[in-house]
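From first to last, the protein sequence lines stand for chains A and B. The opening position of the first sequence corresponds to residue 1 in my numbering, with each subsequent residue numbered one higher. The opening position of the second sequence corresponds to residue 1 in my numbering, with each subsequent residue numbered one higher. Each residue gets a CB set at the ideal place from its N, CA and C atoms; glycine is no exception. Keep in mind that this is a model prediction, so the values were computed, not measured. Right, one structure below, let's go through it.
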Amino acid sequence: MTLSSDDDILSEAEKWHQAGRGVAIATVVETWGSAPRPVGSHLVIDEEGHFLGSVSGGCVEGTVVTEALDVIADGKPRLLEFGVADETAWQVGLSCGGKIAVYVEKVLS
Amino acid sequence: MKADYLARLNQSRAERQPCALVTRLKDGTQRFLTLADMDRDPLHVELVQAFRLNKSTVVEREGEKYFITIQAPPLRIIVLGAVHVSQSMAGMARLLGYDLMVVDPRTAFASETRFPDTRVVAEWPDQALPALGLDAFTAFVALTHDPKIDDPGLELALKSPCFYIGALGSRKTHARRIERLQKAGFAEADLARIHAPIGLNIGGVSPAEIALSIMAEITATLRLPAKAERLAQQGG
């Protein structure tokens, strides 16, 4: 499914929530250096790990989805940072050399 | 995020109402703000700045980090007059990220062949403009050169909070236009909102160059700080 903008993604998040699914919204809140997606970009995740949108070129979505499942489970928001500062960077980092902060929150009834 | 805030974000966008969501990053405390709420918010200055740049951003206040989510409606340009200059403006507006629509009651001008991929409304401005809606995120440009068409459009624009009003015509033409609008009851301060002669002075000659100067003037009005402050105050 292709969505033209981040706004459409929020509409989709609302529909998912209304359908009774557990939903989390991940938002790029800060970027440093070259980052693939601008501040304000969204990724929407449901309790089964389905997701829409993007917060990077695809480099960190896997980790964000995993964290989002915890957020959906316990309802507590999390602030995640990704960069290329360490050895593990190639696993959950950004190959472009940038750094991003992603805020993940649950849609609460 | 409360489901209610998510619904209000989506509804505001559908209704072209600007809004913001402020999130304290430490604990996720949030507040949803309409344009009227923003005036009274402690982060008012930061909110205005974020709207001016149309960028969501993190701000710091007393050691606390807040994320401001900005949701401004898509910017629009409503051009009165399906003329040569507006043909050039249509392509430029697309590049610059505006939705441009053209209004002209003269059906020979307002044809889809002359304006492919552009919304053209072949109606008089007093019919078309209220339906399209002139809001604080809309620029209005009058280009027909014909007072019968331009004047009623300008009158509606002056009564609206649209962020830019421009009218084609020489200084002399504009002086006569001002006289007519004064007779129609508009005050000097209102009439000062009209940019005329239209466009930044770049010595433009061809229709495309005039379109460029108009697009530059609209950009300046939107992005330069002093004017943006006014835009935020005028409201949606």
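- Excluding five sequence positions before and after R21(A), the CB atoms of its chain that fall closer than 7 Å to its own CB belong to D46 and E47, given in chain order.
- The Cβ neighbour count for G185(B), taken over all protein chains shown within 10 Å, is under 16; the residue is labelled exposed.
- Counting only runs that start and end inside the segment 149 to 224 of chain B, the alpha helix (DSSP H) elements of at least 4 residues fall at 171 to 183, 188 to 191 and 207 to 223.
- Residue nearest to D135(B) within the set V22(B), L35(B), A3(B) and L96(B) is L35(B) (criterion: CA-CA distance).
- Considering only F137(B), A50(B) and G91(B), the residue with the shortest C-alpha distance to E15(B) is F137(B).
- Shown here, T29(B) sits in coil according to DSSP, grouped into three states, outside any helix or strand.
- Here DSSP, grouped into helix, strand and coil, assigns R37(A) to coil.
- For V39(A), the nearest CB of chain B lies under 9 Å from its own CB, placing it at the interface with that chain.
- Looking at the backbone, the Cα of S34(A) and that of L69(A) are separated by about 28 Å.
- In chain order, R24, L25, K26, V58 and V59 place their CB closer than 8 Å to the CB of K65(B), counting only its own chain and leaving out the 5 sequence neighbours on each side.
- Secondary structure note for A139(B): its beta strand (DSSP E) is the uninterrupted segment T138 to A142.
- With the rule of 3 Cβ pairs closer than 8 Å, the segment 94 to 102 of chain B does not count as touching the segment 179 to 199 of chain B.
- Boundaries of the beta strand (DSSP E) around E60(B): T57 to R61.
- In this structure, I198(B) lies away from G153(B), with their beta-carbon atoms at least 9 Å apart.
- DSSP, reduced to helix, strand and coil, places H44(B) within a helical segment of the structure shown.
- In this structure, DSSP gives V107(A) a state outside helix and strand, which the three-state scheme calls coil.
- Residue pairing by DSSP places I70(B) opposite A20(B) in a beta bridge.
- Looking from the CA of R52(B), the closest CA among I214(B), F163(B) and A110(B) belongs to F163(B).
- An exposed status is given to W32(A), since fewer than 16 other beta-carbon atoms sit within 10 Å of its beta-carbon.
- Out of I77(B), S12(B) and L21(B), the CA that lies nearest to the CA of I165(B) is found in I77(B).
- In the three-state DSSP reduction, R94(B) falls in the helix class (H, G or I).
- In the structure shown, E15(B) adopts coil according to DSSP, grouped into three states.
- Flagged as an interface residue toward chain B: S109(A), by a C-beta distance shorter than 9 Å.
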